[in-house]
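Residue numbers (the numbering used here): 26 to 260.
Put into structure tokens, the structure is as follows:
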């Protein structure tokens with residue numbers, strides 16, 4: 026019997042900002058430099074590779090934050106920008122990165138009704154997220170912290186484990202006080218959320234809001250509003 030629902034955070038519960046290209050174009054116009062889009066492709070690939078390689082077990086929180094800032098600095102330099110690199114990097118971080126999510130994060134419309142229904146139905150709720158900083162302050166700002174029995178972020182010094190590593194799921198199970206067979210996990214990333222939850226013995230549900238992962242996983246929803254029916258059906 027399912028007793029708890031775990032959620033990924035970014036692009037499952039909330040989203041922010043605009044595409045990197047759009048943010049960069051605005052900054053380029055402000056500082057009057059031309060973007061070399063051929064160099065952009067390589068710089069962007071390196072930037073996202075740095076982000077995906079972040080290991081919460083290797084560095085402290087402040088070391089992780091420093092690495093993030095430095096990776097964006099190198100991204101800007103990789104575009105061939107020569108002047109005001111530090112300032113441009115800071116502006117790009119403010120519009121793009123989760124470090125500054127509190128200023129522009131927004132919930133999807135289906136989040137609060139779903140959380141309220143699940144809570145009122147008696148489910149325990151948790152967030153399990155690969156996140157560079159503790160998530161509690163951001164969820165409080167968004168007005169959803171009180172729905173969750175626990176909020177688990179990968180780079181939290183108490184956790185230091187990132188999906189698909191089973192430990193982050195096991196940590197959350199222990200915090201909520203249930204077994205793996207009593208939980209489902211909802212997330213938008215196949216490798217981290219589906220494979221990770223499955224390897225921890227938790228039933229995974231893929232949320233594909235943009236309909237870009239068709240047929241990737243047998244239990245897939247496009248909106249959290251579908252979740253209650255799926256759980257009620259017991260499929």
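For every residue, glycine included, the Cβ atom is placed at its ideal position computed from N, Cα and C.
Nothing here was measured: the structure is a model prediction, and the numbers come from that model.
With DSSP as the reference, please indicate the residues paired to residue i in a beta bridge.
i           : result
residue 28  : Beta-bridge pairing links residue 28 to no other residue.
residue 291 : The structure shown does not extend to residue 291, since the chain is modelled only from 26 through 260, so no value can be given for it.
residue 110 : DSSP lists no partner for residue 110.
residue 35  : 39
residue 201 : Beta-bridge pairing links residue 201 to no other residue.
residue 245 : 231
residue 7   : Residue 7 falls outside the range modelled here, since the chain spans only 26 to 260, and no answer is possible.
Spatial neighbours of residue i within its chain, please: CB distance less than 8 Å, with the 5 preceding and 5 following residues excluded, ordered by chain position.
i           : result
residue 139 : 249, 250, 252 and 253
residue 255 : 230, 244 and 246
residue 40  : 130, 131 and 133
residue 136 : 38, 39, 169 and 249
Please report the residue range of the beta strand (DSSP E) in which residue i lies.
i           : result
residue 40  : 39-41
residue 149 : 149-154
residue 93  : Not the beta strand (DSSP E): residue 93 falls in the alpha helix (DSSP H), residues 86-103.
residue 130 : 130-132
residue 222 : Looking at the DSSP string, residue 222 is not in any beta strand (DSSP E); the run it does join, the alpha helix (DSSP H), is 221-224.
residue 82  : That residue, residue 82, is in no beta strand (DSSP E); it is neither H nor E in DSSP.
Looking only at its chain, what residues have a beta carbon closer than 6 Å to the beta carbon of residue i, apart from the 5 residues adjacent to it on each side?
i           : result
residue 260 : Model confidence at residue 260 stands at a pLDDT of 47, short of 50, so the residue's coordinates are unreliable; what they give is reported in the following sentence. So no residue of the chain qualifies.
residue 200 : 175
residue 240 : none
residue 228 : 209
residue 100 : 68 and 72
Whose CA, out of the options, lies closest to the CA of residue i?
i           : options               : result
residue 27  : 88, 178 and 226       : 226
residue 151 : 203, 109, 183 and 72  : 203
residue 116 : 47, 182 and 68        : 47
residue 37  : 107, 62, 232 and 49   : 232
residue 80  : 190, 242, 51 and 54   : 190
residue 54  : 218, 106 and 194      : 106
residue 113 : 157, 60 and 180       : 60
residue 72  : 52, 102, 56 and 85    : 102
residue 49  : 120, 63 and 88        : 120
residue 31  : 137, 148, 181 and 167 : 148
residue 193 : 156, 145 and 162      : 156
residue 219 : 234, 237 and 242      : 242
Grab the span of the alpha helix (DSSP H) containing residue i for me, first residue to last.
i           : result
residue 138 : 136-146
residue 52  : 45-56
residue 164 : 161-167
residue 255 : 252-258
Could you tell me whether any non-hydrogen atom of the ligand GDP is closer than 7 Å to the CB of residue i?
i           : result
residue 249 : As for the ligand GDP, it is missing from this structure, which has no ligand bound.
Would you call the CB atoms of residue i and residue j closer than 8 Å?
i           : j           : result
residue 205 : residue 198 : yes
residue 33  : residue 214 : yes
residue 172 : residue 184 : no
residue 182 : residue 154 : no
residue 110 : residue 98  : yes
residue 180 : residue 67  : no
residue 92  : residue 84  : yes
residue 104 : residue 64  : yes
residue 158 : residue 86  : yes
Residues in its own chain within less than 7 Å of residue i by CB, not counting five upstream and five downstream?
i           : result
residue 207 : 26, 27, 28 and 29
residue 58  : 106
residue 146 : none
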